[in-house]
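Have a look at the structure below, then the notes.
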Amino acid sequence: MNKRTKKRIFESFRYSTLTIWLLIVAFPLFWIVSTSFKPDAEWFAWPPVYWSETPTLANYANVWTGKEEYADTQYIQSMQKPWVALGNSTLIAFISTTLAVFFGSLIAYGVSRYQMLSEARMFQLLMLRMVPPIVIVAPLSLHYSTLKLLDTHLGLILVYFLTTLPYAVWMTKSFIDEVPVEVEQAAEILGASKLRTIWEVVLPLVRSGLVATFLFILILTWSEYLLALILSKTEVVTLPIELSKYEGSTEGRVYGRQAALAVGITIPLIIIGLFISKHLARGFSFGMVRK
Amino acid sequence: MSRIELKSLRKEFGSTVAVKSLDLQIEDGEFLVLVGPSGCGKTTTLRMLAGFEDPSDGEITMNGSIVNDLEPRDRDIGMVFQSHALFPHKYIYDNIEFGLRMKNVPEAERRKAVEDVAEMVHITPLLNKRPAQCSGGESQRVALARTLVTHPSTFLLDEPLSSLDAKLRRELRAEVDRLHTELKKTFIYVTHDQEEAMTLADRIVVMNEGEIEQEGSPMEIYSNPKSYFVADFFGSPSMNLLDGEVISKEGKAVFQHGQMEISVPDTYANLGSGKVTLGIRPEHVVVSTADGQIPETIDLVEPMGKDTLLYFEAEGERPFVVIVEGLILDDYKSGQQVQLTFPDDKVYFFDEAGQRIR
Ligand SMILES: Nc1ncnc2c1ncn2[C@@H]1O[C@H](COP(=O)(O)OP(=O)(O)O)[C@@H](O)[C@H]1O
Ligand SMILES: [Mg+2]
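Those protein sequence lines, which keep their order, are chains E and R.
Just so you know, the first sequence maps onto residues 10 to 300 in my numbering.
Just so you know, the second sequence maps onto residues -19 to 338 in my numbering.
Below, the structure is given as structure tokens:
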């Protein structure tokens, strides 16, 4: 077998594996989108309906406008407030993510340049994230109850900020590490103050990385379920909690509605992703500064 | 005036002592070269001068005042880094302009200054490119320009040419030399390349393991090395160093290296006896087909163009090398027996501790 044939075989193996994997991963996404357009009868149909022959926007209209005439199931639509949940999620996710990336990068800078945390501390920081949330959520809800943080925006912002901070530190540190110290020192010896150096030299070089980190943490926060469920269920409802309400024992399983909501939840992330795709490609490649 | 003094300067990193205790004066306008093998503390010394590294002990004074606690930007120095350290996201023009902007020079003046300095180091066509589009040599020119434009009174250069190929290195070396002559500023230049040190320096400071081994003019360092280390470090090809013993033979002192026996010149009366190392530079050995002190067989003939190198087998790792002027392929062939002579005044002896014996 010559080299070229070998390479061909390898390539076709590679691409068929990737294709199969892509199909497996993408199928649930397809199923959600497909279900969101199905009329009620097709949600549970057997054999399954892959793509409805009579697609309808009824699910979307019911979920997002709350109009009575679309409430043609036993599902009590008046209980649901997806726009409120969307507002809550947006507020909470954006504020906590901004805080995490801001303070995370400050810490990361200190660690990268001044060894502010030892390597052991850095790992302990990550270990914090390995504790299953269920372990911390019970004691936390007790504290939250005393502090009157249960069911508040502030409460969720705080817990999301703190739990995503380790990721923010680790990710932004990898980007800051990529900026050679000499480049900063060159700026300093040319007369730039520390702040000016960070603003003019460091920040532009890590911008893509910060954007990538922001999106990564935003996705985590946007879709967080357990903490939101325990700490904030009735007053301040986020989208994942809202989503779960379409599967309650009283309402029954209204898959079409749920799918329509799920699609709506995902779209903002996709839009943001498209807007910053340039940064993502550079940021996630972890190698923006060539020496 | 920017006379710089280092007094008992020391730097430790944890348990490693990078610089032991450095005493050094640098005169205004001098071209000083710090040279030594990798890891001997050159960069650390330079970084302490720049203010990026706090000395563990000792003082740095500039114009008589202690600058230990001064920020790098307040020391009136410019630095060219080994890695160029250009701002990758800025155009070359903006890279060079940066220092002027930080010093609040008016826009029109900045433009003129950038264009002038670009012309000076021949990088005008690069001004609207980015660092990633520049070759190594071009980047180094830009790094020079970026520092030059701010007119510091002292330039620190840390192995600025070490990442370039030989031809480019020679070219830029000449450029650096020209800049120093034109600007009449103090240059402190770090290198591990002895040839760079020899060609550029007014004064060479040889460092070894965090200490100064010897300082002096290039000529002095070359012709009067204080130790085995310095003798071995300077010169290309390097000095022939033969380990041997001084014995007494018929009342006369004789240096013995394997089969080779050389009578010790009378000037080395206090050589005593015992283990010593004999050193002689390749260009000082006299080769003859007729008569001489030492009969040897040529192992290899290497014509270099202007000169020819003759290699002889010797005990130890390195062959014994002799440089003969001119292309002499017809006169000497490998396998041929020749006579070598070591002129008395060209022979060095080093004791077991590596110190020169006079
Ligand atoms: N930041 C540092 N931390 C720990 N050790 C260092 C640091 N910088 C230099 N050293 C050590 O100090 C010694 C001298 O280094 P350096 O000044 O860079 O040598 P040179 O520039 O002559 O090659 C080396 O042994 C090096 O490992
Ligand atoms: Mg160095």
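We treat Cβ as the ideally placed atom computed from N, Cα and C, and that holds for glycine.
These numbers were taken from a predicted model, which means no experiment stands behind them.
query: Please classify R:G58: does DSSP put it in a helix, a strand, or coil?; result: strand
query: If you check the beta carbons only, do R:P35 and R:L4 fall under 8 Å apart?; result: no
query: In terms of residue numbering, what span does the beta strand (DSSP E) encompassing R:G196 cover?; result: E191 to G196
query: Please report the straight-line C-alpha distance between E:R23 and E:A129, rounded to a whole angstrom.; result: 39 Å
query: So which of R:S228, R:L137 and R:R158 has the shortest CA-CA distance to R:H172?; result: R:L137
query: Would you report the Cα separation of R:D182 and R:P198, rounded to the nearest angstrom?; result: 7 Å
query: Compare the C-beta of R:F(-17) with all C-beta atoms of chain E and state if any pair is closer than 8 Å.; result: According to the sequence provided, residue -17 of chain R is Arg. The question's Phe does not apply to it. So, not an interface residue.
query: What does R:N188 pair with, by DSSP beta-bridge criteria?; result: R:E191
query: Let me check you understand the geometry: is the CB of R:K22 closer than 7 Å to at least one non-hydrogen atom of ligand 1?; result: yes
query: Counting only beta-carbon atoms, is E:I198 nearer than 8 Å to chain R?; result: yes
query: Would you say E:E187 lies against chain R (beta-carbon separation less than 8 Å)?; result: no
query: Contact criterion: CB-CB distance below 8 Å. Does E:Y84 meet it with respect to chain R?; result: Caution applies to E:Y84, whose pLDDT of 49 falls short of 50 and renders its modelled position unreliable; the value that the coordinates give is listed next. No, E:Y84 lies away from the interface with chain R (no Cβ there is under 8 Å from its Cβ).
query: According to the Cβ coordinates, are R:V122 and R:I72 closer than 8 Å?; result: yes
query: Roughly how many angstroms separate the alpha carbons of R:F235 and R:L26, rounded to a whole number?; result: 43 Å
query: May I ask you to check if the CB of E:S121 is nearer than 7 Å to at least one heavy atom of ligand 4?; result: Absence of ligand 4 from the depicted structure is noted, with ligand 1 and ligand 2 being the only ligands included.
query: Could you name the residues of chain R that E:E128 contacts, counting a contact when the two beta carbons are closer than 8 Å?; result: Within 8 Å Cβ-Cβ: nothing; E:E128 doesn't reach chain R, min ~15 Å.
query: Closer than 8 Å is the cut-off here; do at least three beta carbon pairs connect the region 62 to 78 of chain R with the region 111 to 119 of chain R?; result: yes
query: Does DSSP put R:T104 in a helix, a strand or coil?; result: helix
query: Classify R:F300: buried if its beta carbon has 16 or more other beta carbons within 10 angstroms, exposed otherwise.; result: buried
query: Please classify E:Y234: does DSSP put it in a helix, a strand, or coil?; result: coil
query: Rank R:A125, R:E195, R:I46 and R:I242 by C-alpha distance to the C-alpha of R:F11 and give the top, closest one.; result: R:E195
query: Counting only the same chain and skipping the five closest in sequence on each side, list residues whose C-beta sits under 7 Å from that of E:L303.; result: The displayed coordinates of chain E run from 10 to 300. Any statement about residue 303 of chain E would go beyond what the structure contains.
query: Given this structure, state the Cα-to-Cα distance separating E:T230 from E:A102, to the nearest angstrom.; result: 6 Å
query: Between R:F32 and E:E191, what straight-line distance do the alpha-carbon atoms span, to the nearest angstrom?; result: 10 Å
query: For R:E200, verify whether its CB is less than 7 Å away from any heavy atom of ligand 2.; result: no
query: Cβ of R:T257 within 8 Å of Cβ of R:D324?; result: no
query: At what residues does the alpha helix (DSSP H) containing R:K147 begin and finish?; result: A146 to L163
query: Which runs of the beta strand (DSSP E) fall wholly inside the region 188 to 214 of chain E and span at least 3 residues, in chain order?; result: none
query: Given that R:K83 touches chain E, what residues does it touch there, using C-beta distances under 8 Å?; result: G200
query: So which residues on chain R does E:P213 lean against when the C-beta distance must stay under 7 Å?; result: H69
query: Listed in chain order, which residues of the region 153 to 169 of chain R have Cβ atoms closer than 8 Å to some Cβ of chain E?; result: none
query: Provide the residue(s) that pair with R:G259 in DSSP beta bridges, ordered along the chain.; result: R:L221 and R:Y328
query: R:L148 to R:E162, Cα distance in whole Å?; result: 21 Å
query: So who's on the other strand from R:M42, going by DSSP bridges?; result: R:I(-16) and R:S45
query: What is the DSSP secondary structure of R:Q174, reduced to helix, strand or coil?; result: helix
query: Is it buried or exposed, R:E7, if we count other Cβ atoms within 10 angstroms and call 16 or more buried?; result: exposed
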